[in-house]
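Taking it in order: structure first as structure tokens, then the write-up.
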Amino acid sequence: MACLATALIKNLGRHIGETVTVQGWLYNFRSSGKISFLIVRDGTGLVQGVMVKKEVGDELFALAGTLTQESSLKVTGTVREEPRAVGGYELTLTGLEVVGIAAEYPITHKEHGVDFLAERRHLWLRTPRQTAIIRIRSEIEQAFRDFFYQRDFVLADAPVLTPAACEGTTTLFELDYHGDKAYLSQSGQLYNEATAAALGRVYCFGPTFRAEKSKTRRHLMEFWMIEAEMAYYDIDDNMKLQEEMVCYVIQRVLERCGQELKTLERDVAKLAAVKLPFPRISYTEAVALLKNAGEDFTWGDDFGAPHETMIGNSFDSPVFVHRYPTAIKAFYFKPDPHDANVVLGADLIAPEGYGEIIGGGQRLDDLALLEARLAEHKLPREAFEWYLDLRRFGTVPHSGFGLGIERTVAWICGLDHIRETIPFPRMLHKMYP
RNA sequence: UCCUCGAUAGCUCAAUGGUAGAGCACCCGGCUGUUAACCGGGUGGUUGUAGGUUCGAGUCCUACUCGAGGAGCCA
155 MACLATALIK NLGRHIGETV TVQGWLYNFR SSGKISFLIV RDGTGLVQGV MVKKEVGDEL
215 FALAGTLTQE SSLKVTGTVR EEPRAVGGYE LTLTGLEVVG IAAEYPITHK EHGVDFLAER
275 RHLWLRTPRQ TAIIRIRSEI EQAFRDFFYQ RDFVLADAPV LTPAACEGTT TLFELDYHGD
335 KAYLSQSGQL YNEATAAALG RVYCFGPTFR AEKSKTRRHL MEFWMIEAEM AYYDIDDNMK
395 LQEEMVCYVI QRVLERCGQE LKTLERDVAK LAAVKLPFPR ISYTEAVALL KNAGEDFTWG
455 DDFGAPHETM IGNSFDSPVF VHRYPTAIKA FYFKPDPHDA NVVLGADLIA PEGYGEIIGG
515 GQRLDDLALL EARLAEHKLP REAFEWYLDL RRFGTVPHSG FGLGIERTVA WICGLDHIRE
575 TIPFPRMLHK MYP
């Protein structure tokens, strides 16, 4: 057979009346004896090919009958509009090349449990819902990069192997580094502060690791974080940048991922409702909000997941909660000049119960106070000498933040669980495949 | 680490303490517009593991294993 032009399913609308070849996998097959329907997927969409026995001949028709779900194939046919078919277009088939017959496929079009699907994540990814999520994740990551690029940020990636705990709080994955101990990064922030002093405005994007025994719908052992750090930014500059960034990303997904959001049955009105500026409330105001809602909460405690949800559900947009008690935040936050009991940290809590998606704030830029804080937190001074250098040599007010990609994807996609937001999630006690 | 719930066919689930079943998948047959196609037939089980109670246990009890949801911690 002559080699005809190949086409992506998502572009079939450009080829009406033409004969094209689609390279993909068999998603579903139906036959009524003299006419067959082959639904093919190629990663960009689904298209139905129609094969009529008396037009293609007995041999080709019989070949189609041997196809199993997920067999790889190339189908050739004429493109036409067909409102009855999935995607709106249909191929009148004239050719079929079988590339590989698939063995009996475990994932059917019926329901499956999460454990069954998780064990077959490498195959589960082929389903329309999962491909929609990964496409939206890709768009979100691209949008972040474009946002920073447009604003003259420099991508300065942080190391994944680190010599010491960044914050000294969470449990880290430890490994052997030629006889010394090393840890998988839990944050690129301290390194960002160094590159920000070199380049002004920077961000890094990479995986981070937490060995906490967390087993909830919001936690992964390995997750990806966008972290930015800006010289000469105060807490208000920081929040303004973050809300503009989040709005930009939401708009990009609404503009370019309509089909995927539809596949996920996402209520896009809730995304469209996200408008600038985001509400800002202080920690103290958030405590009052919780108490008014009948919660028993003491000023000075950290919010639990239910509290975050209550705060987030009180607003249509994400909400900043700023100026937390000094005692519950990491050593590197700058105290509020007007109230030494709180620091200039600000977290962004997503609506619809998705919880904290950004943690950030203005950094402590005073050398003496930073040294005192390291001692208070019982952190090994030697490991932070390089970090103290950043205050010795031209310290400036600066701020930054870290945004969790997976929680952001879960929110934008409206997912129940974070495990679907990354191709191969690392869960507590589960990292196969 | 703690709390709650669960485990029956390849999958999703039924089954008063009394003969283990259905739908789907798969195999065979039928059907020229199917949409998780449909219709007829067929294959398919050490009921998570080990004990215990009982005339009799998928069902009740104990322990363990694995899984799910949540808490804490966090993004």
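In the working numbering, the protein residues as written are 155 to 587. Where is the CB? At the ideal position from N, CA and C, for every residue including glycine. Every value quoted in this text rests on a predicted model; they were computed, and no experiment measured them.
Straight-line gap, residue i to residue j (C-alpha atoms, nearest Å)
i: R477; j: T198; result: 46 Å
i: R355; j: V233; result: 50 Å
i: D597; j: A336; result: Nothing in the structure corresponds to residue 597, since the chain is present only between 155 and 587.
i: G568; j: L418; result: 8 Å
i: M205; j: D212; result: 11 Å
i: W453; j: A481; result: 11 Å
i: K264; j: P317; result: 48 Å
i: F451; j: H461; result: 9 Å
i: Q223; j: I193; result: 10 Å
i: A382; j: W278; result: 33 Å
i: T160; j: A564; result: 34 Å
i: A156; j: L250; result: Low per-residue confidence applies at A156: pLDDT is 46, beneath 50, and the placement is therefore not dependable enough to give any value.
i: D455; j: P479; result: 8 Å
i: K366; j: T325; result: The question names Lys, yet the displayed sequence has Glu at residue 366. The alpha-carbon atoms of E366 and T325 are separated by roughly 5 Å.
i: F555; j: N392; result: 8 Å
i: A500; j: R168; result: 48 Å
i: A286; j: K483; result: 37 Å
i: N165; j: K532; result: 59 Å
i: L542; j: L425; result: 42 Å
i: R305; j: F298; result: 11 Å
i: A494; j: A423; result: 41 Å
i: D390; j: T370; result: 32 Å
i: G178; j: A447; result: 54 Å
i: R535; j: L528; result: 7 Å
i: P237; j: F359; result: 42 Å
i: E146; j: E235; result: There is no way to answer for residue 146, as the model of the chain reaches only from 155 to 587.
i: R372; j: W540; result: 34 Å
i: Q413; j: D519; result: 47 Å
i: C401; j: I572; result: 21 Å
i: A239; j: L353; result: 53 Å
i: K207; j: V407; result: 43 Å
Buried/exposed call for residue i, threshold 16 Cβ in 10 Å
i: I576; result: buried
i: L309; result: exposed
i: S292; result: exposed
i: S190; result: buried
i: R545; result: buried
i: M399; result: buried
i: V441; result: buried
i: V174; result: buried
i: T230; result: buried
i: E244; result: buried
i: D490; result: buried
i: V268; result: exposed
i: M384; result: buried
i: E409; result: exposed
i: L315; result: exposed
i: E397; result: buried
i: A351; result: buried
Short Cβ contact (8 Å threshold) for residue i with residue j
i: P433; j: F469; result: yes
i: P472; j: L502; result: yes
i: G241; j: I294; result: no
i: S553; j: Y437; result: no
i: G203; j: L247; result: yes
i: T601; j: L521; result: The requested residue 601 does not occur in the structure, where the chain is confined to residues 155 to 587.
i: S339; j: P313; result: yes
i: I465; j: I290; result: no
i: V252; j: L227; result: yes
i: R517; j: E347; result: yes
i: I435; j: V475; result: yes
i: L221; j: F270; result: no
i: G254; j: S225; result: yes
i: V176; j: V201; result: yes
i: T463; j: G507; result: yes
i: P587; j: R283; result: no
i: Y345; j: F307; result: no
Assess, as a yes-or-no matter, whether the segment 373-385 is touched by the segment 557-572 under the definition of 3 or more beta carbon pairs within less than 8 Å.
Because the criterion of three Cβ pairs below 8 Å is met, the segment 557-572 and the segment 373-385 touch.
Any alpha helix (DSSP H) of 4 or more consecutive residues that is wholly inside the segment 272-339:
As far as the segment 272-339 is concerned, its whole alpha helix (DSSP H) runs of at least 4 residues are 275-278 and 282-304.
In chain order, which beta strand (DSSP E) runs of at least 3 residues are fully inside the segment 381-453?
Counting whole runs of 3 or more residues, the segment 381-453 contains the beta strand (DSSP E) stretches 434-436.
So within the segment 170-204, which uninterrupted beta strand (DSSP E) runs reach at least 3 residues, ignoring any that extend past its ends?
Restricting attention to beta strand (DSSP E) runs no shorter than 3 residues, the segment 170-204 encloses them at 173-185 and 189-195, ordered along the chain.
Entirely enclosed alpha helix (DSSP H) segments - the segment 468-539, minimum 4 residues
Counting only runs of 4 or more, we get 521-530.
Whole runs of the alpha helix (DSSP H) within the segment 198-257, excluding any shorter than 4 residues:
Taken in chain order, the complete alpha helix (DSSP H) segments of 4 or more residues contained in the segment 198-257 are 207-210 and 212-219.
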